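Undergrad: Have a look at the structure that comes next, please.
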Amino acid sequence: MEYPDVPERSPSPSPTASPTIPDRPASPELPLTMTASAMLTSLPRDASSALASAAGDYFESPGQDSKVVVRFKAVGSAPQLRREVRKISAAQRFEAVVAHLRKALRLGDADGLFLYVNSAFAPALDEVVGNLHRVR
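Just so we're aligned: the sequence shown equals residues 1 to 136 in the UniProt record's numbering.
See the structure below:
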């Protein structure tokens, strides 16, 4: 069916040679690709010193463990604690806080318990408490 108001199309011109992408100089050869996985047997000197200085913020001396003050605030229908403030070692994982709170509230493993840091995010159970204290 032809439409009288529509102009006819002219056939498209035959394709000419498509433009080529210019060649770039070869990149230097790397021993591994950037996506390759490798197992390090030791950290480079600069990385280990950076980690040691970062750990120094949490611990005054290698044998002495610093403490972090944790304040619990009940939200909604959650029961109040007798003492809202507790101290925990900065080297402990967040799961120790959860286990302590479950024991204090007499909750079972199947009972729901939701904990947030600064009412903003729920950390993973393997997060170090000292790292969470530093985030605030």
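Glycine included, every Cβ here is placed at the ideal spot set by N, Cα and C. Nothing here was measured: the structure is a model prediction, and the numbers come from that model.
So if DSSP puts residue 87 in a beta bridge, which residue, or which two residues, is it bridged to?
TA: In the sequence shown, counting from the first residue as 1, residue 87 sits at position 87. Note: residue 87 sits in a beta bridge opposite 69.
Undergrad: Output needed for residue 159: all residues of its chain with C-beta closer than 6 angstroms, excluding positions within five of it in sequence on either side, in chain order.
TA: Residue 159 cannot be examined here, being either before or after the span of the chain that is shown, 1 to 136.
Undergrad: Three-state secondary structure (DSSP) at residue 58?
TA: Taking the sequence shown and counting its residues from 1, the one referred to as residue 58 is at position 58. Below a pLDDT of 50, predicted positions are generally treated as unreliable, and residue 58, at 49, falls in that range; the measurement from the model is reported next regardless. Looking at residue 58 - three-state DSSP - the assignment turns out to be coil, as it is neither helix nor strand.
Undergrad: Report the three-state DSSP secondary structure of residue 75 (helix, strand or coil).
TA: The residue given as residue 75 occupies position 75 in the sequence shown. It is coil, neither helix nor strand.
Undergrad: Tell me which residue opens and which closes the alpha helix (DSSP H) that residue 98 is part of.
TA: Locating residue 98 in the sequence shown gives position 98, counting from the first residue. Start and end: 94-105.
Undergrad: Looking at residue 129: is its Cβ nearer than 8 angstroms to the Cβ of residue 85?
TA: For the purposes of this step, residue 129 is identified with residue 129 of the sequence shown, where counting begins at 1. For the purposes of this step, residue 85 is identified with residue 85 of the sequence shown, where counting begins at 1. No, these two residues do not count as a Cβ contact at 8 angstroms.
Undergrad: Taking Cβ to Cβ, would you say residue 113 is nearer than 8 angstroms to residue 106?
TA: Locating residue 113 in the sequence shown gives position 113, counting from the first residue. Locating residue 106 in the sequence shown gives position 106, counting from the first residue. Residue 106 is positioned such that its CB atom lies no closer than 8 angstroms to that of residue 113.
Undergrad: Would the beta-carbon of residue 70 fall within 8 angstroms of that of residue 90?
TA: As a working mapping, residue 70 is identified with position 70 in the sequence shown. As a working mapping, residue 90 is identified with position 90 in the sequence shown. Contact: no.
Undergrad: Measuring only the C-alpha atoms, how far is residue 99 from residue 46?
TA: Taking the sequence shown and counting its residues from 1, the one referred to as residue 99 is at position 99. Taking the sequence shown and counting its residues from 1, the one referred to as residue 46 is at position 46. C-alpha separation (whole angstroms): 37 angstroms.
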